[in-house]
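Undergrad: Residue numbers (our numbering), protein chains in the order written: chain G, 1 to 461; chain P, 1 to 184.
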């Protein structure tokens with residue numbers, strides 16, 4: 001169990017949890033947001049806006065199902081437009097949640113305790129949004145179950161050598177294990193809500209969800225074992241998911257995609273965009289819910305450092321891509337990278353360099369890492385940059401393929417935008433609901449950070 | 001202690017002592033075990049790893065089940081890919097092998113994680129006897145503190161060493177805040 005440790009830095013970033021909190025006060029503060037806090041106008045307004053934007057998804061999906069995928073901007077040679085761009089973008093965002101909940105648990109990073117629940121919720125919601133795209137991209141989403149191996153009258157079985165099928169297994173496993181891990185983490189906190197709730201309705205609902213958890217030491221021992229095992233399983237899982245996503249590209253022979261650097265470069269990009277999204281969401285939440293004594297500057301500082309580190313890995317990836325293109329002595333590869341930098345989509349490429357490589361360099365400054373406002377702006381820029389990255393990878397490789405006679409440009413239509421903005425609405429709607437109905441911070445892990453949780457046995461024994 | 005076996009269950013589930021700090025609880029749990037009690041439990045608002053030693057808790061069945069689950073997932077995933085590609089729908093594409101081991105690894109891996117992870121969570125829940133719609137410890141009014149900031153130790157009447165008066169005396173010697181009877 002770790003205690004707040006002072007950092008030896010010049011600028012004081014504070015402990016992982018403010019002094020003055022006790023076992024009871026953290027329970028009441030975090031649980032109180034769900035049980036006691038009145039519904040504010042700001043929350044209602046935010047939820048309504050998100051829910052209104054969510055209707056874009058309903059409209060976009062309905063029109064797509066009526067007319068077919070032709071309503072999108074995709075055609076040959078660019079058959080993978082917004083659907084794949086947004087799928088990769090969303091699934092990448094999800095990766096930060098698993099990194100925080102699983103990898104940082106194994107590394108014994110106690111600062112994760114205050115942000116893991118929220119980040120895991122973000123993972124689940126992002127994967128839900130991601131899942132929309134490939135399913136809609138099939139054009140006939142009602143037949144999406146054909147992707148799974150099941151005995152059928154056509155006597156057909158899926159192609160197990162295809163990265164697209166690997167994706168089906170990777171993403172569905174990722175969602176299932178993330179949901180299970182999240183629920184296991186919630187159990188003790190649901191019990192806390194059950195035991196502190198005042199109305200019959202909330203007692204019943206949280207009581208049913210808590211399944212009779214009674215904080216028994218014999219239970220905790222198995223619980224800790226299961227948590228550790230789940231973290232150990234989720235760690236290689238999260239790396240595998242974006243690796244498999246990168247295989248969708250790398251296993252093909254398209255110029256710019258067929259490179260061995262794709263898996264590590266995609267995983268780093270995923271964590272990069274995920275941490276940016278955690279910052280985008282956590283900075284307003286800690287402000288509006290007054291949680292700056294639990295999600296301290298120390299957390300923002302640490303998350304900004306991870307963002308900077310992954311930005312540098314991603315920068316290395318871009319450099320290597322350009323170098324490989326030049327060094328390959330392959331006409332198509334050389335044309336692809338030259339076209340990417342100077343062709344129709346050059347503006348996207350240079351904006352991506354500006355967003356993903358130049359902007360995060362500000363994070364070298366501790367002053368910026370501990371200024372929530374500036375950090376929030378940088379996180380938004382990174383989110384945009386990572387979206388541009390996927391746009392550049394998907395579109396510039398496809399629109400100039402091997403035969404100049406088949407070259408064509410790709411531009412999204414209004415229905416592409418409807419589905420994309422619709423998933424943003426879905427994501428924000430779920431976030432707004434989540435912060436009101438479930439404890440957004442893992443209460444029992446927060447308790448473990450407090451001085452009152454240290455075991456000091458009486459001497460007279 | 002009465003020499004004959006109870007036909008009807010004891011009217012109480014146990015005796016519960018409440019402690020203010022985790023240190024007091026760990027010391028109390030250690031003394032309870034050393035006094036020879038077997039059927040007792042501690043209740044704490046967060047996992048206390050020191051209790052594993054104090055109460056001699058070493059249940060590794062969750063790990064064993066997870067390993068078996070993961071192994072089944074591994075074999076199942078590889079078997080599924082092999083059966084589909086080599087038995088159910090063999091397609092000869094340019095003479096490439098039907099059982100293409102490297103290409104089956106991603107799905108084998110994902111199935112390993114899926115079954116291993118599900119087994120870890122489900123075996124933990126089942127071995128903890130959850131869902132448990134009713135449990136006597138909740139009959140103690142102050143027990144809700146175990147989900148907030150208080151520490152409890154409950155010696156159960158099922159323990160062969162349990163004797164109401166003696167056990168109350170023993171619990172008092174541990175220096176608790178309060179001792180309560182736990183009705184069934």
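From the three backbone atoms N, C-alpha and C, an ideal C-beta is built for every residue, glycine too.
1) Using only the alpha-carbon positions, how far apart do residue 58 of chain P and residue 236 of chain G sit?
2) So the candidates are G/396, G/402, G/360 and G/208; which of them puts its Cα closest to the Cα of residue 546 of chain G?
3) With distance defined between alpha-carbon atoms, name the residue in G/266, G/370, G/257 and G/274 nearest to residue 297 of chain G.
4) Grab me the residues of residue 389 of chain G's own chain with a C-beta within less than 7 angstroms of its C-beta, minus the 5 sequence neighbours each way, in chain order.
5) Could you give the distance in angstroms between the alpha-carbon of residue 178 of chain P and the alpha-carbon of residue 28 of chain P?
6) For residue 178 of chain P, write down the residues that DSSP places opposite it in a beta bridge.
7) Given that a residue counts as buried once 16 or more other Cβ atoms are within 10 Å of its Cβ, and exposed if not, what is residue 170 of chain P?
8) Check distances from the C-beta atoms of the stretch 200-218 of chain G to those of chain P and list, in chain order, the residues that come in under 7 angstroms.
9) Let me see if you follow: with CB-CB separation under 9 angstroms, is residue 55 of chain P close to chain G or not?
10) Can a CB atom of chain P be found closer than 9 angstroms to the CB of residue 153 of chain G?
11) Between which two residues does the alpha helix (DSSP H) containing residue 275 of chain G stretch?
12) Taking C-beta pairs closer than 7 angstroms, name the residues in chain G that residue 81 of chain P reaches, listed in chain order.
13) Establish whether the CB of residue 50 of chain P and some CB of chain G are separated by less than 9 angstroms.
14) Give me, in chain order, the residues of the same chain whose beta-carbon lies closer than 6 angstroms to that of residue 11 of chain P; leave out the 5 immediate sequence neighbours on both sides.
15) Our contact map puts residue 98 of chain P next to residue 69 of chain P with C-beta atoms below 8 angstroms; I'd like the distance itself, whole angstroms only.
16) Using a threshold of 9 angstroms, state whether the C-beta atoms of residue 382 of chain G and residue 359 of chain G are closer than that.
17) Whole angstroms are fine: how far does the CA of residue 422 of chain G sit from the CA of residue 122 of chain P?
18) Answer yes or no: does any C-beta atom of chain P fall closer than 9 angstroms to that of residue 32 of chain G?
19) Suppose contacts are defined by Cβ-Cβ distances below 9 angstroms. Is residue 293 of chain G in contact with residue 17 of chain G by that definition?
20) Quick test of your reading: residue 233 of chain G and residue 117 of chain P, contact by CB under 8 angstroms. State the CB separation rounded to the nearest angstrom.
21) Can you tell me whether residue 151 of chain P is helix, strand or coil according to DSSP?
22) For the stretch 70-100 of chain P, which residues have a beta carbon sitting closer than 7 angstroms to at least one beta carbon of chain G?
23) Which residues in the same chain have their Cβ closer than 8 angstroms to the Cβ of residue 406 of chain G, if we skip the five residues on either side of it in sequence?
24) So for residue 410 of chain G, helix, strand or coil by DSSP?
25) Give, in chain order, every residue of the stretch 29-47 of chain P whose Cβ lies closer than 9 angstroms to some Cβ of chain G.
26) From residue 14 of chain P to residue 228 of chain G, what distance separates their C-alpha atoms?
27) In whole angstroms, what separates the C-alpha of residue 437 of chain G from that of residue 118 of chain G?
28) Round the Cβ separation of residue 273 of chain G and residue 386 of chain G to the nearest angstrom and send it over; I've been treating them as touching at under 8 angstroms.
29) What number of angstroms, rounded off, separates the C-alpha of residue 218 of chain G from the C-alpha of residue 135 of chain P?
30) How would you list, in chain order, the residues of chain G whose beta-carbon sits under 7 angstroms from the beta-carbon of residue 130 of chain P?
31) Is the number of C-beta pairs between the stretch 413-421 of chain G and the stretch 51-65 of chain G that are closer than 8 angstroms three or more?
32) Excluding sequence positions up to five away, which residues of its chain have a Cβ less than 7 angstroms from the Cβ of residue 429 of chain G?
33) For the alpha helix (DSSP H) holding residue 41 of chain P, just list the boundary residues, first then last.
34) Output the distance between the C-alpha atoms of residue 82 of chain P and residue 89 of chain P, rounded to the nearest integer angstrom.
35) Please list the partners that residue 192 of chain G has in chain P, where partner means a Cβ-to-Cβ separation under 8 angstroms.
36) Count the other CB atoms within 10 Å of the CB of residue 230 of chain G; is the residue buried (16 or more) or exposed (fewer)?
TA: Let's see:
1) Here residue 58 of chain P corresponds to residue number 58 of the second chain, with the count starting at 1. Here residue 236 of chain G corresponds to residue number 236 of the first chain, with the count starting at 1. Taking the straight line joining both Cα atoms gives about 27 angstroms.
2) Here chain G comprises residues numbered 1 to 461, so residue 546 of chain G is not present and cannot be evaluated.
3) On the first chain, residue 297 of chain G is found 297 positions in, with the first residue counted as 1. For the residues G/266, G/370, G/257 and G/274, the minimum Cα distance to residue 297 of chain G belongs to G/370.
4) Numbered from its first residue, the first chain carries residue 389 of chain G at position 389. Cβ neighbours of residue 389 of chain G beyond the five flanking positions: 269, 352 and 356.
5) Within the second chain, residue 178 of chain P is the residue found at index 178, counting from 1. Within the second chain, residue 28 of chain P is the residue found at index 28, counting from 1. Cα-Cα distance, rounded: 13 angstroms.
6) Residue mapping note: residue 178 of chain P aligns to position 178 of the second chain, counting from 1. Answer is P/18.
7) Counting from 1 along the second chain, the entry for residue 170 of chain P is found at position 170. Residue 170 of chain P should be labelled buried.
8) 211, 212, 213, 214, 215, 216, 217 and 218
9) Counted from its first residue, the second chain places residue 55 of chain P at position 55. Cβ-Cβ to chain G under 9 angstroms: yes for residue 55 of chain P.
10) To locate residue 153 of chain G, count along the first chain from 1; it is residue 153. Not an interface residue.
11) Reading the first chain from its first residue, position 275 is the one you call residue 275 of chain G. Unbroken alpha helix (DSSP H) run through residue 275 of chain G: 262-288.
12) Counted from its first residue, the second chain places residue 81 of chain P at position 81. Near residue 81 of chain P (Cβ distances below 7 angstroms), the residues of chain G are 160.
13) As a first step, residue 50 of chain P is located in the second chain; it is residue number 50 there, counting from the start. Taking Cβ atoms only, chain G reaches closer than 9 angstroms to residue 50 of chain P, which makes this a yes.
14) Taking the second chain and counting its residues from 1, the one referred to as residue 11 of chain P is at position 11. Same-chain partners within the cutoff: there are none.
15) Indexing the second chain from 1 puts residue 98 of chain P at position 98. Indexing the second chain from 1 puts residue 69 of chain P at position 69. Actually they do not touch by this definition, with Cβ atoms about 28 angstroms apart.
16) Position 382 of the first chain, counting from 1, holds the residue named residue 382 of chain G. Position 359 of the first chain, counting from 1, holds the residue named residue 359 of chain G. Their beta carbons are under 9 angstroms apart, which means residue 382 of chain G touches residue 359 of chain G by this criterion.
17) To locate residue 122 of chain P, count along the second chain from 1; it is residue 122. To locate residue 422 of chain G, count along the first chain from 1; it is residue 422. Rounded to the nearest angstrom, the two C-alpha atoms are 35 angstroms apart.
18) The residue you call residue 32 of chain G lines up with position 32 of the first chain. For residue 32 of chain G, the answer is no, since every Cβ of chain P falls outside 9 angstroms of its Cβ.
19) Translated into the one-based positions of the first chain, residue 293 of chain G becomes position 293. Translated into the one-based positions of the first chain, residue 17 of chain G becomes position 17. Their beta carbons are under 9 angstroms apart, which means residue 293 of chain G touches residue 17 of chain G by this criterion.
20) Here residue 233 of chain G refers to the residue found at position 233 when the first chain is read from its first residue. Here residue 117 of chain P refers to the residue found at position 117 when the second chain is read from its first residue. About 5 angstroms; that satisfies the 8 angstroms criterion.
21) To locate residue 151 of chain P, count along the second chain from 1; it is residue 151. Looking at residue 151 of chain P - three-state DSSP - the assignment turns out to be strand.
22) 80, 81, 84, 85, 88, 89 and 100
23) Translated into the one-based positions of the first chain, residue 406 of chain G becomes position 406. Within the same chain, residue 406 of chain G has close Cβ partners 76 and 77.
24) As a working mapping, residue 410 of chain G is identified with position 410 in the first chain. Three-state DSSP puts residue 410 of chain G in coil, outside helix and strand.
25) 29, 30, 31, 41, 42, 43, 44, 45, 46 and 47
26) Locating residue 14 of chain P in the second chain gives position 14, where the first residue counts as 1. Locating residue 228 of chain G in the first chain gives position 228, where the first residue counts as 1. Cα to Cα, residue 14 of chain P sits roughly 32 angstroms from residue 228 of chain G.
27) Counting from 1 along the first chain, the entry for residue 437 of chain G is found at position 437. Counting from 1 along the first chain, the entry for residue 118 of chain G is found at position 118. For residue 437 of chain G and residue 118 of chain G, the distance between alpha carbons rounds to 12 angstroms.
28) Here residue 273 of chain G is taken as the residue at index 273 of the first chain, counted from 1. Here residue 386 of chain G is taken as the residue at index 386 of the first chain, counted from 1. Confirmed, Cβ separation roughly 4 angstroms.
29) Within the first chain, the letter at position 218 stands for residue 218 of chain G. Within the second chain, the letter at position 135 stands for residue 135 of chain P. Their backbone Cα atoms lie some 15 angstroms apart in a straight line.
30) Numbered from its first residue, the second chain carries residue 130 of chain P at position 130. Those within 7 angstroms of residue 130 of chain P in chain G are 211, 212 and 213.
31) yes
32) Here residue 429 of chain G refers to the residue found at position 429 of the first chain. Taken in chain order, the residues that qualify are 47, 50, 51 and 54.
33) The sequence position of residue 41 of chain P within the second chain is 41, counting from 1. That residue, residue 41 of chain P, is in no alpha helix (DSSP H); its beta strand (DSSP E) goes 40-43.
34) In the second chain, the residue the question calls residue 82 of chain P occupies position 82. In the second chain, the residue the question calls residue 89 of chain P occupies position 89. Cα to Cα, the separation comes out at about 10 angstroms.
35) Position 192 of the first chain, counted from the first residue, corresponds to residue 192 of chain G. Result: 45, 147 and 148.
36) Here residue 230 of chain G is taken as the residue at index 230 of the first chain, counted from 1. Result: buried.
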